[in-house]
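Protein chains in written order, with this note's numbering: chain A, 3 to 115; chain B, 6 to 887. Taking it in order: structure first as structure tokens, then the write-up.
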Amino acid sequence: MGEKTDVWQGTLALMVLRTLELMGPQHGYGLARRIEQTSGELLAVNYGTLYPALLKLEQEGYIRSRWGVSDNNRKAKFYELTKAGAKQVRKAAAEWEQTTAILARFLSPQGES
Amino acid sequence: MRFLRSFWMRLRGSISPQKSDDFSAELESHIAHHVDDGMRAGLSADEARRRALIRLGGTEQTRQAHRDRSTLPWLEVLVLDFRTCLRSMRKHPTVAVVAILSIALGVGANATIFSMVSRFVLQAPPVGEPSTLLAVGIAGKGEPCCNSFSVPLYDGFRAQSKSFSAVAAYFDLFAASISGNGAPQRVWGQGVTTNFFDVTEMPMVLGRGFIASESRAPVVVLSESLWRSRFQADPHIVSNTVQLSGRTFTIVGITPSAFHGVDQILDAQFWIPLNTMVSMIPDAPPPSDRNSHWLNVVARLRPGITLDQASAEMEPLSADLANIFPDSDKGFLFSLRKAGSLPPRESGVVKIFLAALMAVVLLVLAIAAANVANLLFAQALSRQREMAVRLALGATRTSLRRIVLLESLLLSLAGGMLGVALSLAATRGLAAFHFPAPVPIDVSLAVGGRVLLYSFVASVVCGMLLGAGPAWAASHPRLARALKGEDALASPGRRFSLRGVLVVTQVAMAVILLSMTGLFLRSLQSSSMIDIGFRSNGVTMLSVDPRLNGYSAQRTVDFLQQLRNRAQVLPGVDEAAITDVPLLSGGNRTDGFTVAGKGDPPVPTDLYMATPGYFRSLGIPLVNGHDFGNEATNGSKVAIVNRDFAEKMFPNTNPIGQHVKGPNGIFEIIGVVGDTKSRTLGEEPRPILFRPLNQTLTYENSFMGYTLIVHTKGSTAALTEPLRRLVYSLDPAVAVFNQETMNAHIRSAYFLPRLAATLFGTMGFIGLVLALVGLYGVMNYSVSRRTHEIGIRMALGAQSHSVRRMILRQGLRLVAIAIVLGWPAAWFLAKLSSSFLYGIEPHDALTFAAVPVLLITIALIACWIPAQRAASVDPMETLRAE
Numbered sequence: 003m004g005e006k007t008d009v010w011q012g013t014l015a016l017m018v019l020r021t022l023e024l025m026g027p028q029h030g031y032g033l034a035r036r037i038e039q040t041s042g043e044l045l046a047v048n049y050g051t052l053y054p055a056l057l058k059l060e061q062e063g064y065i066r067s068r069w070g071v072s073d074n075n076r077k078a079k080f081y082e083l084t085k086a087g088a089k090q091v092r093k094a095a096a097e098w099e100q101t102t103a104i105l106a107r108f109l110s111p112q113g114e115s
Numbered sequence: 006m007r008f009l010r011s012f013w014m015r016l017r018g019s020i021s022p023q024k025s026d027d028f029s030a031e032l033e034s035h036i037a038h039h040v041d042d043g044m045r046a047g048l049s050a051d052e053a054r055r056r057a058l059i060r061l062g063g064t065e066q067t068r069q070a071h072r073d074r075s076t077l078p079w080l081e082v083l084v085l086d087f088r089t090c091l092r093s094m095r096k097h098p099t100v101a102v103v104a105i106l107s108i109a110l111g112v113g114a115n116a117t118i119f120s121m122v123s124r125f126v127l128q129a130p131p132v133g134e135p136s137t138l139l140a141v142g143i144a145g146k147g148e149p150c151c152n153s154f155s156v157p158l159y160d161g162f163r164a165q166s167k168s169f170s171a172v173a174a175y176f177d178l179f180a181a182s183i184s185g186n187g188a189p190q191r192v193w194g195q196g197v198t199t200n201f202f203d204v205t206e207m208p209m210v211l212g213r214g215f216i217a218s219e220s221r222a223p224v225v226v227l228s229e230s231l232w233r234s235r236f237q238a239d240p241h242i243v244s245n246t247v248q249l250s251g252r253t254f255t256i257v258g259i260t261p262s263a264f265h266g267v268d269q270i271l272d273a274q275f276w277i278p279l280n281t282m283v284s285m286i287p288d289a290p291p292p293s294d295r296n297s298h299w300l301n302v303v304a305r306l307r308p309g310i311t312l313d314q315a316s317a318e319m320e321p322l323s324a325d326l327a328n329i330f331p332d333s334d335k336g337f338l339f340s341l342r343k344a345g346s347l348p349p350r351e352s353g354v355v356k357i358f359l360a361a362l363m364a365v366v367l368l369v370l371a372i373a374a375a376n377v378a379n380l381l382f383a384q385a386l387s388r389q390r391e392m393a394v395r396l397a398l399g400a401t402r403t404s405l406r407r408i409v410l411l412e413s414l415l416l417s418l419a420g421g422m423l424g425v426a427l428s429l430a431a432t433r434g435l436a437a438f439h440f441p442a443p444v445p446i447d448v449s450l451a452v453g454g455r456v457l458l459y460s461f462v463a464s465v466v467c468g469m470l471l472g473a474g475p476a477w478a479a480s481h482p483r484l485a486r487a488l489k490g491e492d493a494l495a496s497p498g499r500r501f502s503l504r505g506v507l508v509v510t511q512v513a514m515a516v517i518l519l520s521m522t523g524l525f526l527r528s529l530q531s532s533s534m535i536d537i538g539f540r541s542n543g544v545t546m547l548s549v550d551p552r553l554n555g556y557s558a559q560r561t562v563d564f565l566q567q568l569r570n571r572a573q574v575l576p577g578v579d580e581a582a583i584t585d586v587p588l589l590s591g592g593n594r595t596d597g598f599t600v601a602g603k604g605d606p607p608v609p610t611d612l613y614m615a616t617p618g619y620f621r622s623l624g625i626p627l628v629n630g631h632d633f634g635n636e637a638t639n640g641s642k643v644a645i646v647n648r649d650f651a652e653k654m655f656p657n658t659n660p661i662g663q664h665v666k667g668p669n670g671i672f673e674i675i676g677v678v679g680d681t682k683s684r685t686l687g688e689e690p691r692p693i694l695f696r697p698l699n700q701t702l703t704y705e706n707s708f709m710g711y712t713l714i715v716h717t718k719g720s721t722a723a724l725t726e727p728l729r730r731l732v733y734s735l736d737p738a739v740a741v742f743n744q745e746t747m748n749a750h751i752r753s754a755y756f757l758p759r760l761a762a763t764l765f766g767t768m769g770f771i772g773l774v775l776a777l778v779g780l781y782g783v784m785n786y787s788v789s790r791r792t793h794e795i796g797i798r799m800a801l802g803a804q805s806h807s808v809r810r811m812i813l814r815q816g817l818r819l820v821a822i823a824i825v826l827g828w829p830a831a832w833f834l835a836k837l838s839s840s841f842l843y844g845i846e847p848h849d850a851l852t853f854a855a856v857p858v859l860l861i862t863i864a865l866i867a868c869w870i871p872a873q874r875a876a877s878v879d880p881m882e883t884l885r886a887e
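Rendered as structure tokens:
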């Protein structure tokens, strides 16, 4: 249970940061919907798992929060990227690209001779 | 960094109450947005809300997950467990108190002994960079180190060795009389080469060390303790002057109080340049003498060179310098060791003694820990019902174990802290033991950081180990039977319970401890009955050293004779005499003697100087010949010998009138006295030769000064002041030292047996008390568990006295097993300690017979109360209470 959760939480954090980078400040529900859409509806996790992840990112200083008013004219807590968060997105994205590139070489049909 | 930040925020979240409304509002907002979307898609409000909640994954779960992230759950669980532990300890205060006290005794004993180990084996001298400062000695191949250097050898070593950045030398210890700021005082100091303080990188409190040009100058460095005691820590003391043995010296620096000399045991109080010291010692050997070994050498390793590399250089270096070694030391090698460590010749005995002590106190700690484990075990068993209920309600076994482990850890830490406090008192008590040595030594103990760390680790290890068993027991209650209220771990037919095993082990260890204690107590007793051969009651002494004041030999003789004459006429004085060093001071001068004209190998003989009246004042019987009288100072040499000397040199002949030859000439024997102890209490009779004071001083000087011995039929305390004033009336500049009664002097000769008896006695007593508390606990518990069974037995006709007997038999069986296990172990250990025992065999019959008897008796007493409880069980009560 532990490892899968850690990997998932790591990727979820990156997805949140990337989404905030592209879309600007968002509230929790909006982020959940947007991530679902971006992943092509392949990810069908509980929206509730987002909130601990958001809290962790906030504690680590990658995002900050403040109350505001949403499009629906309701009060909502908005999250936005901090400077450290922006840097972290770039860094994590580069790491992931490298990891997937290496793995792709191993998993390709021919493999390395 | 990020981790720290989030940890910090979570910690804050744990400590300060959370504003949970904030997240509730956020959750509500989330659900509201989802419902909006759902309604926009055409769902009803209820359906939209239902789907939103499902998609969320449950409000409570989300809330909980959020809460877990915003606080430190493990911390909160720990605090809760902590509170539970405190609560349960408060409910059973006896258990907690006994546990804490037991651990305190065990850890306290360990801390005390470890502070001795820390001081004598592990401590580095308070010099700069102690790890690169080495002490250099000379030793024969395969022989224990170390001998001293001669000056030519030191010069050669210094010039030719390549592994060292600097080499310095010093002379151990010499006496001077310091005056000028109050009563004259005898102090001990060292003569050092001018680079000594540079090589040791001594952090001076004030001033500086010596500079190269001062090798013959009258300059002195004082110790901080002398600076404080004699000069009231005067901050302007540097460049003031002070009188040392009549000469004026300029003070150039103060060393820190922790420094008493590189050896760490001798208590040096001042340092002067080596050549200056040589000019102050009468009859000092010429520095160029190859055969005088008197220098100790320290060397600082060059940066980057290790001890092994330097040691590798020593063999070729010894070969190169072979021609400077004296002829008697051919084949000797330089040997290196860390400065301040005990030289190998001495360290062997010390290390064995300390190792034995460590083993003993670890044994005590083990007994204490077994006690506490037993107690916790009993507690765990009595809480089975509670544990079973918790398990049934969903608690994990881990959490049950955690609580018990935390409790044992807390008890051990509390016991450890109390133990450290006890060891502070104990080390202070040990300081009251004066190590008997004619030279000042510093063996003070301190509970320092290393000891505290050791105690902490010991407590934690203790807590974890002894909590393991009870923790397991708590987490595995036999569910069904525990819920029914039965004692799940006492299955019928089970002969060995874990608690029983623990108690047997405890009592076995107590047998071992008590046997050792018995041996050392007997050793002390037998040593106190040793006949020392002279009188100790009603005798008081003081010492002076007029040579330190520049007296010539003749003037010293006159001074001492005047001192004796005036002491003789003091009211209450029966007899007065002068000697150099009193008997039982650990040794003095020795020479080899042969019968004049014969070529036999010389008999090593202890030498003492004496005036007329010496033997009378000490009650030593004169068995032949006569006392010293009016021998001419420059006449032919005479001597009085003891019976052992006479028998060894002149068996079956009258020694009176015979002549013996020693290094200082030929002596005529004029008297024979009874045997006395000379150096230590435990020695066999050895040859002693007494020389008349006035004759001896013409060619020899006593290094340790001279002692006035006075015998009175009245009170010795009344003579203390009058005798001091007597010395000052002859010369106010002469220092008086070592003023004590003979009884006090003898007491310090009992140092080793007293120390061993005290230490082992205390440990034995503690171990016994702990083991018996454990035995009582187990018997008590067993009875309380068996009340039902006992009730049935009594209802079926058993008498109360047979019930009592049954319980007593059960207890005694445990003790018997323990004695069978422990007795052989004690027998074996006793053999190892034979070198520490006086006058008794290591397998002393009395001890080994008495210990089992004592243990059985006290065990009977410990089992009596539980047995009585069993006997007074009312069968009606127990049968009714199902």
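Cβ coordinates follow ideal geometry from the N, Cα and C atoms, glycine included.
{"Asked": "Find the residues of chain A that neighbour B/His71, judging by a C-beta separation of less than 8 Å, and give them in chain order.", "Found": "Tyr53, Pro54, Leu57"}
{"Asked": "Just the C-alpha distance for B/Ala493 and B/Asp27, rounded to the nearest angstrom, thanks.", "Found": "In this prediction, B/Ala493 has a pLDDT of 43, which is less than 50 and means its spatial position is unreliable; nothing more can be read from the coordinates."}
{"Asked": "With 7 Å set as the bound, which would you pick, yes or no: does the beta-carbon of A/Thr48 sit closer than that to a beta-carbon of chain B?", "Found": "Checking the displayed sequence, the identity of residue 48 of chain A turns out to be Asn instead of Thr. Yes, contact with chain B."}
{"Asked": "Let's test the definition: count the other Cβ atoms within 10 Å of the Cβ of A/Gly26 and tell me whether it reaches 16, buried, or not, exposed.", "Found": "exposed"}
{"Asked": "Quick check: the Cα distance between B/Gly719 and B/His750, rounded to an integer number of angstroms?", "Found": "19 Å"}
{"Asked": "Residues bridged to B/His806 by DSSP?", "Found": "Answer is none; B/His806 lacks a bridge partner."}
{"Asked": "Would you say B/Phe525 and B/Ala762 are within 7 Å of each other, going by their C-beta atoms?", "Found": "yes"}
{"Asked": "Pull up the CB-CB distance for B/Ser520 and B/Phe853, whole angstroms please, since I reckon it's below 8 Å.", "Found": "6 Å"}
{"Asked": "Quick check: is the beta carbon of B/Ala33 nearer than 7 Å to any beta carbon in chain A?", "Found": "As written in the sequence, residue 33 of chain B is Glu, which differs from the Ala given in the question. Judged by the 7 Å Cβ criterion, B/Glu33 is not in contact with chain A."}
{"Asked": "Could you spell out where the beta strand (DSSP E) holding A/Tyr81 opens and where it closes?", "Found": "77 to 83"}
{"Asked": "Apart from the five residues just before and just after B/Asn785, which ones in its own chain have a Cβ nearer than 7 Å to its Cβ?", "Found": "Pro871"}
{"Asked": "From the DSSP output, which residues share a beta bridge with B/Arg307?", "Found": "DSSP lists no partner for B/Arg307."}
{"Asked": "Whose C-beta lies closer than 7 Å to the C-beta of B/Asp177 among residues of the same chain, with five residues either side of it excluded?", "Found": "Gln195, Leu271, Asn301"}
{"Asked": "Are the beta-carbon atoms belonging to B/Ala140 and B/Val355 less than 7 Å from one another?", "Found": "no"}
{"Asked": "According to DSSP, which residues form a beta bridge with B/Tyr711?", "Found": "B/Val549"}
{"Asked": "Can you check DSSP and say which residues form a bridge with B/Lys343?", "Found": "B/Leu139"}
{"Asked": "Return the Cβ separation of B/Leu338 and B/Ser323 in integer angstroms, given the expectation that the two are a contact with Cβ distance under 8 Å.", "Found": "5 Å"}
{"Asked": "Taking only the alpha-carbon atoms, compute the straight-line gap between B/Phe564 and B/Ala431 and give it to the nearest angstrom.", "Found": "45 Å"}
{"Asked": "What does B/Arg455 reach in chain A if we use C-beta pairs closer than 9 Å?", "Found": "Correct list: empty, because the minimum Cβ distance to chain A is about 40 Å."}
{"Asked": "Since B/Ile714 and B/Leu623 should fall inside the 8 Å C-beta cutoff, what is the C-beta to C-beta distance between them, to a whole number of angstroms?", "Found": "7 Å"}
{"Asked": "Quick check on B/Leu80 - is its C-beta less than 7 Å from some C-beta in chain A?", "Found": "no"}
{"Asked": "Put B/Thr253 into one of helix, strand or coil per three-state DSSP.", "Found": "strand"}
{"Asked": "Reducing DSSP to helix, strand and coil, say where B/Gly214 ends up.", "Found": "coil"}
{"Asked": "On the DSSP letters alone, give me the boundaries of the beta strand (DSSP E) that B/Ala181 sits inside.", "Found": "169 to 184"}
{"Asked": "Measure from the C-beta of B/His265 to each C-beta in chain A and report whether the shortest distance is under 7 Å.", "Found": "no"}
{"Asked": "Using a beta-carbon distance below 7 Å, is A/Arg36 in contact with chain B?", "Found": "no"}
{"Asked": "Among the residues of its own chain, which have a CB less than 8 Å from the CB of B/Ile824, if the five just before and after it don't count?", "Found": "Val512, Ala513, Val516, Pro857, Leu860, Ile861"}
{"Asked": "Near B/Ser548, what residues of its chain come up, given a Cβ to Cβ distance below 6 Å and the 5 sequence neighbours on each side ignored?", "Found": "Gly710, Thr712, Phe742, Asn743"}
{"Asked": "Is it the case that the segment 103 to 112 of chain B contacts the segment 420 to 439 of chain B, given that we only count it when at least three CB pairs across the two stretches are under 8 Å?", "Found": "yes"}
{"Asked": "Check the DSSP bridge columns for B/Asp611 and list the partner residues they point to.", "Found": "B/Thr595, B/Ile693"}
{"Asked": "Using a Cβ-Cβ cut-off of less than 8 Å, give me the residues of the segment 89 to 106 of chain A that come near chain B, in sequence order.", "Found": "none"}
{"Asked": "Return no unless some Cβ of chain B is closer than 7 Å to the Cβ of A/Gly63.", "Found": "yes"}
{"Asked": "Give the straight-line distance between the Cα atoms of B/Ala374 and B/Val456, rounded to the nearest whole angstrom.", "Found": "20 Å"}
{"Asked": "Could you tell me which chain A residues have their CB closer than 7 Å to the CB of B/Ser75, listed as they occur along the chain?", "Found": "Leu57"}
{"Asked": "Whole angstroms are fine: how far does the CA of B/Val283 sit from the CA of B/Phe708?", "Found": "14 Å"}
{"Asked": "Which first and last residues belong to the alpha helix (DSSP H) in which B/Asn669 is found?", "Found": "Element bounds for B/Asn669: n/a, residue is neither H nor E."}
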